[in-house]
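J.: Have a look at this one before I ask anything.
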Amino acid sequence: MPLSDGPRAPAADALALEGVSFSYGRHAVLDGVSLRVGRGEFVALAGPNGSGKSTLVRVALGLTAPVAGQVRLLGQAPNRLKQRWRVGYVPQRAVVVDQLPATVEEVVASGCVARRGWARRPHPDERERIDRALDVVALADRRSVPITELSGGQQQRVFIARALVSEPELLVLDEPVAGVDAESQARFRDAIVTRCHHDGVAVLLVSHELGAVADDLDRVLVLRGGRVAFDGPPAALTAEGVSLGVHRTDLPVWLEGLT
Amino acid sequence: MTLPLPWPFDREYMQLALASGMAVGACAPLIGTFLVQKRLSLMGDGVGHMAFAGVAAGLLAGLSPLWTALAVAVAGAVTIEWLRLRRRASGDLALAVFFYTGIAGGVVLTGLAGSLNAGVLTYLFGSVLTVSPADARSICLLGAAILVVIAVSWRALFAVALDEEAARVAGLPVDALSIGLAALTAVTVVAAMRVVGVLLVAALMVLPVGAAQRLARSFVATLRWAVAVGLGSVVVGLAVARAGGLAPGGTIVLVASGAFAITAIFDLGRRRARASS
Numbered sequence: 298m299p300l301s302d303g304p305r306a307p308a309a310d311a312l313a314l315e316g317v318s319f320s321y322g323r324h325a326v327l328d329g330v331s332l333r334v335g336r337g338e339f340v341a342l343a344g345p346n347g348s349g350k351s352t353l354v355r356v357a358l359g360l361t362a363p364v365a366g367q368v369r370l371l372g373q374a375p376n377r378l379k380q381r382w383r384v385g386y387v388p389q390r391a392v393v394v395d396q397l398p399a400t401v402e403e404v405v406a407s408g409c410v411a412r413r414g415w416a417r418r419p420h421p422d423e424r425e426r427i428d429r430a431l432d433v434v435a436l437a438d439r440r441s442v443p444i445t446e447l448s449g450g451q452q453q454r455v456f457i458a459r460a461l462v463s464e465p466e467l468l469v470l471d472e473p474v475a476g477v478d479a480e481s482q483a484r485f486r487d488a489i490v491t492r493c494h495h496d497g498v499a500v501l502l503v504s505h506e507l508g509a510v511a512d513d514l515d516r517v518l519v520l521r522g523g524r525v526a527f528d529g530p531p532a533a534l535t536a537e538g539v540s541l542g543v544h545r546t547d548l549p550v551w552l553e554g555l556t
Numbered sequence: 004m005t006l007p008l009p010w011p012f013d014r015e016y017m018q019l020a021l022a023s024g025m026a027v028g029a030c031a032p033l034i035g036t037f038l039v040q041k042r043l044s045l046m047g048d049g050v051g052h053m054a055f056a057g058v059a060a061g062l063l064a065g066l067s068p069l070w071t072a073l074a075v076a077v078a079g080a081v082t083i084e085w086l087r088l089r090r091r092a093s094g095d096l097a098l099a100v101f102f103y104t105g106i107a108g109g110v111v112l113t114g115l116a117g118s119l120n121a122g123v124l125t126y127l128f129g130s131v132l133t134v135s136p137a138d139a140r141s142i143c144l145l146g147a148a149i150l151v152v153i154a155v156s157w158r159a160l161f162a163v164a165l166d167e168e169a170a171r172v173a174g175l176p177v178d179a180l181s182i183g184l185a186a187l188t189a190v191t192v193v194a195a196m197r198v199v200g201v202l203l204v205a206a207l208m209v210l211p212v213g214a215a216q217r218l219a220r221s222f223v224a225t226l227r228w229a230v231a232v233g234l235g236s237v238v239v240g241l242a243v244a245r246a247g248g249l250a251p252g253g254t255i256v257l258v259a260s261g262a263f264a265i266t267a268i269f270d271l272g273r274r275r276a277r278a279s280s
């Protein structure tokens, strides 16, 4: 089990949304969304562009407040959660600092700052956590390389390692493998599945492309028009002959069968 | 009190200039590294122009221009950053508004004071050779304070500059750190005003960083190289200025530009060699 200090409700889900709605002005983006991600569950969130996935992630992480409904992150309202480092986040686009050199190790180490305190010096334990995170994403041999010299897929693995280094209990990944090479997709799958099934980390994966992890998912959530159109095990989708693999268009054909 | 240093730093006024210059030569590139990483390279310029308005206001009111400049610069820098964090204005637009208001305010206040007097010009172009021992002490103390704050907070500032949103999710005090950096920028600009003047302050924040990013392969190395180039520019710039009777502020910045050009050529050569091999 990952290290964790401080109290928490033992039975609380990693993430729970209850009747969450959100609008940009008069345009409703989320409409009464209820979902949960249990401890140690591997859940995918899929849906066409414009379905509200990114907004849902922002609301779930407390970056934006919902207009209605309740969000619980590790059992608490996001703005009440003191130890925010218990939630790991890999954002949608790899924000690569092309302005200045930064090595793989420096980027991963930056994930330790929140957990130890912004003004504190690095703790000796962190070296081990950084090494472990680099091993999980198979980039230990590139630790001294400037991140700008890596491929897009490798850069995304660095950001995954950064999210893993604080040993979070919930990992949220927003489109982490969009346009990424096959080797990185395989490495990504290994990293996430190891963490999830071996260490009991809950994972919420927002992605169109679920082929690499289809066999490992506990549940799939499909968002459409701001509402949850499907919430169940991947077998329920594949039983209808629907593929979870890569799709070329924005709106995967397999979603059209869901009403 | 004059230290037994070799020429050109054998005279007291040159030693005071050296002490003030080195304090600024170390701090400006340090702050500049984070500004460049956050794509706020022009922040030093905008804050410098607000500081100019503060100087003009101080001279008009008969108050110490250093402190009025500090008050206006800090208030302006913090406001710009607050607007950017609240997404009320994009970074460069907010900067432009304050930039032009600052310079216009300075021009109007200077006009009210009677005419463009020598006091204002020394702040525009710098007057490091006329720094008093008390001024040198103030600049060095400000410099030391900036160094201590950066030493404590640089890892957190790096995390925020790398990815503000991820830092916010992780629970880092992003707003406080960003506003703190803006305030530090203002303090650095005011300290640097006497050395290179408000018109050139941003150059000392950005040029050494530009040189450093071509030499370094890590963020820590970039910080070290930036400070080294900043310090080197001050020492060489002051020496050349004394030897040639040149304006010291401009000479320091030209040396920094030279360093930038040399590293750019070196980097180009290295890339060509790599491409052909």
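Heads up: the protein sequence lines correspond to chains A and B, in order.
First residue of the first sequence: 298, per this note's numbering; consecutive thereafter.
First residue of the second sequence: 4, per this note's numbering; consecutive thereafter.
All C-beta atoms, glycine included, are put in the ideal place defined by N, C-alpha and C.
Here the structure is a predicted model, which is why all the values come from computation and not from measurement.
What does A:G449 pair with, by DSSP beta-bridge criteria?
T.: Locating residue 449 of chain A in the first sequence gives position 152, counting from the first residue. Looking at the DSSP assignment, A:G449 forms no beta bridge with any residue, so it has no partner.
J.: Taking Cβ-Cβ distances below 8 Å as the criterion, which residues of the region 193 to 223 of chain B are in contact with chain A?
T.: Within the region 193 to 223 of chain B, the residues whose Cβ lies closer than 8 Å to some Cβ of chain A are V212, Q216, A219, R220, S221, F222 and V223, listed in chain order.
J.: What's the gap between the Cα of B:Y16 and the Cα of B:G213?
T.: By one-based count along the second sequence, residue 16 of chain B stands at place 13. By one-based count along the second sequence, residue 213 of chain B stands at place 210. Computed Cα separation, rounded: 31 Å.
J.: Suppose contacts are defined by Cβ-Cβ distances below 8 Å. Is B:L175 in contact with A:A362 by that definition?
T.: By one-based count along the second sequence, residue 175 of chain B stands at place 172. By one-based count along the first sequence, residue 362 of chain A stands at place 65. Contact flag unset, no.
J.: Can you check the region 88 to 134 of chain B for any alpha helix (DSSP H) of at least 4 residues that lies completely inside it and give the ranges in chain order?
T.: Correct list: 94 to 115 and 121 to 128.
J.: Relative to the C-alpha of A:L353, which candidate in A:R521, A:R377 and A:V510 has its C-alpha closest?
T.: Locating residue 353 of chain A in the first sequence gives position 56, counting from the first residue. When each option's Cα is compared against that of A:L353, the closest is A:R521.
J.: Taking a contact to mean a Cβ-Cβ separation below 8 Å, would you say A:L502 touches A:R383 in this structure?
T.: Residue numbering aside, residue 502 of chain A sits at position 205 when the first sequence is read from its first letter. Residue numbering aside, residue 383 of chain A sits at position 86 when the first sequence is read from its first letter. Against a cut-off of 8 Å, the Cβ pair of A:R383 and A:L502 comes out as no contact.
J.: So, is the C-beta of A:T352 closer than 8 Å to a C-beta in chain B?
T.: Position 55 of the first sequence holds residue 352 of chain A. By this cut-off, A:T352 is not an interface position.
J.: For B:A26, which residues in the same chain have their Cβ closer than 8 Å to its Cβ, ignoring the five residues on either side in sequence?
T.: In the second sequence, the residue the question calls residue 26 of chain B occupies position 23. Here the set comprises I142, C143, L145, G146, A147 and A194.
J.: What's the call for A:E402, buried or exposed, on a 16-neighbour Cβ count within 10 Å?
T.: What you label residue 402 of chain A is simply residue 105 of the first sequence in a count that begins at 1. With 16 or more other Cβ atoms within 10 Å, it is buried.
J.: Could you please give me the residues that DSSP links to A:D528 through a beta bridge?
T.: Here residue 528 of chain A refers to the residue found at position 231 of the first sequence. A:D528 is bridged to A:L518.
J.: Compute the beta-carbon to beta-carbon distance between B:A54 and B:L207, rounded to the nearest angstrom, for a pair I have assumed lies under 8 Å.
T.: Your numbering for residue 54 of chain B matches position 51 in the second sequence. Your numbering for residue 207 of chain B matches position 204 in the second sequence. 14 Å between Cβ atoms; not a contact.
J.: In whole angstroms, give me the CA-to-CA distance for A:A483 and A:A509.
T.: Looking up residue 483 of chain A in the first sequence gives position 186. Looking up residue 509 of chain A in the first sequence gives position 212. Distance between the alpha carbons of A:A483 and A:A509: 7 Å.
J.: In chain A, which residues lie less than 7 Å from B:L234 when you measure between Cβ atoms?
T.: Walking along the second sequence from the start, residue 234 of chain B turns up at place 231. What B:L234 touches in chain A: nothing, since even the nearest Cβ is about 19 Å away.
J.: So, B:T71 versus B:G49, is the Cβ gap smaller than 8 Å?
T.: Residue 71 of chain B sits at position 68 when you count from the first residue of the second sequence. Residue 49 of chain B sits at position 46 when you count from the first residue of the second sequence. Cβ distance not < 8 Å, so B:T71 and B:G49 don't count as in contact.
J.: Would a check of beta-carbon distances place A:A430 closer than 8 Å to chain B?
T.: Position 133 of the first sequence holds residue 430 of chain A. Output row for A:A430: interface = no.
J.: At what residues does the beta strand (DSSP E) containing A:D328 begin and finish?
T.: Along the first sequence, one-based indexing puts residue 328 of chain A at 31. It spans H324 to V334 - the beta strand (DSSP E) in which A:D328 sits, taken as one unbroken run.
J.: State buried or exposed for B:I149, treating a residue as buried only when at least 16 other CB atoms are found within 10 Å of its CB.
T.: Taking the first residue of the second sequence as 1, we reach residue 149 of chain B at position 146. Result: buried.
J.: Could you check which residue in A:S331, A:I457 and A:G414 has the C-alpha nearest to that of A:V474?
T.: Mapped onto the first sequence, residue 474 of chain A falls at position 177. For the residues A:S331, A:I457 and A:G414, the minimum Cα distance to A:V474 belongs to A:I457.
J.: For B:L180, return the contacting residues in chain A, with the cut-off set at a CB-CB distance below 9 Å.
T.: Working through the second sequence from its first residue, we reach residue 180 of chain B at position 177. Correct list: W415.
J.: Can you give me the C-alpha to C-alpha distance between B:S280 and A:L312, rounded to a whole angstrom?
T.: Indexing the second sequence from 1 puts residue 280 of chain B at position 277. Indexing the first sequence from 1 puts residue 312 of chain A at position 15. Computed Cα separation, rounded: 52 Å.
J.: What is the DSSP secondary structure of B:T225, reduced to helix, strand or coil?
T.: Numbered from 1 along the second sequence, position 222 holds the residue referred to as residue 225 of chain B. Helix, per DSSP.
J.: Report the partner residues of A:S320 according to the DSSP bridge assignment.
T.: Counting from 1 along the first sequence, the entry for residue 320 of chain A is found at position 23. A:S320 pairs with A:A325.
J.: Using C-beta distances below 7 Å, list every residue in its chain close to B:G233, excluding the 5 sequence neighbours before and after it, in chain order.
T.: Sequence index remark: in the second sequence, residue 233 of chain B carries index 230 (1-based). Cβ neighbours of B:G233 beyond the five flanking positions: G28, A29, A31, P32, L207 and P211.
J.: Of the choices B:G105, B:D166 and B:I268, whose alpha-carbon is the least far from that of A:V404?
T.: Position 107 of the first sequence, counting from 1, holds the residue named residue 404 of chain A. Comparing Cα positions, the closest option is B:D166.
J.: Kindly indicate the opening and closing residues of the alpha helix (DSSP H) around A:L342.
T.: Working through the first sequence from its first residue, we reach residue 342 of chain A at position 45. Element bounds for A:L342: not the alpha helix (DSSP H) but the beta strand (DSSP E), F339 to A343.
J.: So is A:Q367 buried or exposed if we call it buried at 16+ other beta carbons inside 10 Å?
T.: Your numbering for residue 367 of chain A matches position 70 in the first sequence. With fewer than 16 other Cβ atoms within 10 Å, it is exposed.
J.: Identify each residue in the region 162 to 175 of chain B for which the Cβ-Cβ distance to at least one residue of chain A is less than 7 Å, and report them in chain order.
T.: Of all residues in the region 162 to 175 of chain B, A162, L165, D166, E168, A169, R171, V172, A173, G174 and L175 have a Cβ within less than 7 Å of some Cβ in chain A.
J.: Using 8 Å for Cβ pairs, my map puts A:V462 next to A:F339. What's the rounded Cβ distance?
T.: Position 165 of the first sequence, counted from the first residue, corresponds to residue 462 of chain A. Position 42 of the first sequence, counted from the first residue, corresponds to residue 339 of chain A. At roughly 20 Å, the Cβ-Cβ gap does not stay under 8 Å, so A:V462 and A:F339 are not in contact.
J.: Please give me, in chain order, every unbroken run of the alpha helix (DSSP H) with length at least 4 that falls completely inside the region 469 to 512 of chain A.
T.: Runs of the alpha helix (DSSP H) inside the region 469 to 512 of chain A: 479 to 490.
J.: Since A:E315 sits in a beta bridge, which residues does DSSP pair it with?
T.: Numbered from 1 along the first sequence, position 18 holds the residue referred to as residue 315 of chain A. According to DSSP, which records beta bridges pairwise, A:E315 is partnered with A:Q367.
J.: Taking just the CA atoms, how far does B:G252 sit from B:A205?
T.: Walking along the second sequence from the start, residue 205 of chain B turns up at place 202. Walking along the second sequence from the start, residue 252 of chain B turns up at place 249. B:A205 and B:G252: Cα-Cα distance of roughly 12 Å.
J.: What's the C-alpha gap between A:Y386 and B:A169?
T.: Here residue 386 of chain A is taken as the residue at index 89 of the first sequence, counted from 1. Here residue 169 of chain B is taken as the residue at index 166 of the second sequence, counted from 1. Rounded to the nearest angstrom, the two C-alpha atoms are 6 Å apart.
J.: Answer with yes or no whether the minimum CB distance from A:V434 to chain B is below 8 Å.
T.: Mapped onto the first sequence, residue 434 of chain A falls at position 137. Chain B, which has no Cβ nearer than 8 Å to the Cβ of A:V434, makes this no.
J.: Got a sec, what are the start and stop residues for the beta strand (DSSP E) A:V384 sits in?
T.: Start at 1 with the first residue of the first sequence, and residue 384 of chain A comes out as number 87. Counting along the chain, the beta strand (DSSP E) containing A:V384 begins and ends at V384 to V387.
J.: With 8 Å as the threshold, decide whether the Cβ of B:A267 is near any Cβ in chain A.
T.: By one-based count along the second sequence, residue 267 of chain B stands at place 264. B:A267 does not count as touching chain A.
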